[in-house]
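There are 2 protein chains.
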Amino acid sequence: MQDQLSQTFSALADPTRRAMLARLSTGEANVSDLARPFLGEMSLPAITKHLQVLEKAGLITKTRKAQWRSCKINGDGLKDAADWMEQYRIFWEESFDRLDAYLKTVTANPSEGNKNDSDQ
Amino acid sequence: MQDQLSQTFSALADPTRRAMLARLSTGEANVSDLARPFLGEMSLPAITKHLQVLEKAGLITKTRKAQWRSCKINGDGLKDAADWMEQYRIFWEESFDRLDAYLKTVTANPSEGNKNDSDQ
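Next comes the structure, spelled out in structure tokens:
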């Protein structure tokens, strides 16, 4: 039995499921609309399975509307994963700061970046 | 063969690997130090395997320092996943106005909503 955070990250570890979330980020959609772009490359049961993984991970919710089932993103499901990420922000900002500092030295002193050229 | 983003999320989908990253967030550590808290519950090969998954996903880097191998977090590896998450921030923030504004831009620019499709 996976913990909640592992289940969320596991659900996100697939390009089809991320594409489904991207589609849902533009608005609610029913299962047929969500399935359509993938029908050429996978079976309907495979698509349904992907939707179940997203639902079980709490990333989407399904509601019954008249004849069909509508899916939408459940922001709360993503929040815990985003909060977890946030703790590590300092590590990618650090590497960005280093790159930024380096680019500033190169821009301030264009010859620096190409100093090897003069050797040739 | 998994795409890079799937590999990152997949590596994060495990509590042992997240605990290893949490340990590394306090500073570099060698493999023995990283392994110690887990030796009661799993074998050394299992621990090594977890470290390999983190390294393959670009979340940690190993460097050789004198006699031992030191591990540290690679912020760049986390950044892409955090950037991906960031697009969905609006769904967990409780501002319907912003969601409404976002939906309007997507309606005006339908291609925007599918920008993640390039992952595939």
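Chains as they are written, first to last, in my numbering: chain R, 26 to 145; chain X, 26 to 145.
Quick reminder that beta carbons are idealized off the backbone N, C-alpha and C, glycines included.
Rounded to whole angstroms, what is the Cα-Cα separation between residue i and residue j?
i: residue 110 of chain R; j: residue 109 of chain X; result: 11 angstroms
i: residue 125 of chain R; j: residue 115 of chain R; result: 15 angstroms
i: residue 61 of chain R; j: residue 71 of chain X; result: 41 angstroms
i: residue 49 of chain R; j: residue 113 of chain X; result: 10 angstroms
i: residue 32 of chain R; j: residue 65 of chain R; result: 28 angstroms
i: residue 55 of chain R; j: residue 95 of chain R; result: 4 angstroms
i: residue 133 of chain X; j: residue 51 of chain R; result: 11 angstroms
i: residue 77 of chain X; j: residue 129 of chain X; result: 44 angstroms
i: residue 85 of chain R; j: residue 91 of chain X; result: 49 angstroms
i: residue 80 of chain R; j: residue 53 of chain X; result: 37 angstroms
i: residue 69 of chain X; j: residue 35 of chain X; result: 21 angstroms
i: residue 102 of chain R; j: residue 131 of chain R; result: 43 angstroms
i: residue 39 of chain R; j: residue 98 of chain R; result: 16 angstroms
i: residue 73 of chain X; j: residue 43 of chain X; result: 14 angstroms
i: residue 63 of chain X; j: residue 107 of chain X; result: 27 angstroms
i: residue 82 of chain X; j: residue 93 of chain X; result: 22 angstroms
i: residue 118 of chain R; j: residue 75 of chain R; result: 33 angstroms
Would you say residue i reaches chain R, if we count a Cβ-Cβ gap shorter than 8 angstroms as a contact?
i: residue 31 of chain X; result: yes
i: residue 114 of chain X; result: yes
i: residue 70 of chain X; result: no
i: residue 128 of chain X; result: yes
i: residue 40 of chain X; result: yes
Determine the DSSP secondary structure at residue i, reduced to helix, strand or coil.
i: residue 51 of chain X; result: coil
i: residue 146 of chain R; result: For chain R, the structure presents residues 26 to 145; residue 146 of chain R sits outside this window and is missing.
i: residue 44 of chain X; result: helix
i: residue 38 of chain X; result: coil
Using a Cβ-Cβ cut-off of 8 angstroms, state whether residue i counts as contacting chain X.
i: residue 133 of chain R; result: no
i: residue 37 of chain R; result: yes
i: residue 122 of chain R; result: no
i: residue 28 of chain R; result: yes
### Query
Residues in the stretch 86-110 of chain X with C-beta within 8 angstroms of chain R's C-beta atoms, listed in sequence order?
98, 99, 100, 101, 103, 104, 106, 107, 109, 110
#### Entry: Residues of the stretch 50-62 of chain R with Cβ closer than 7 angstroms to any Cβ of chain X, in chain order
50, 51, 52
### Task
List in chain order: all unbroken alpha helix (DSSP H) runs of 4+ residues lying wholly within the stretch 61-124 of chain X.
69-81, 100-111, 114-117
### Chain-ordered residues of the stretch 73-84 of chain R with a beta carbon less than 8 angstroms from chain X
none
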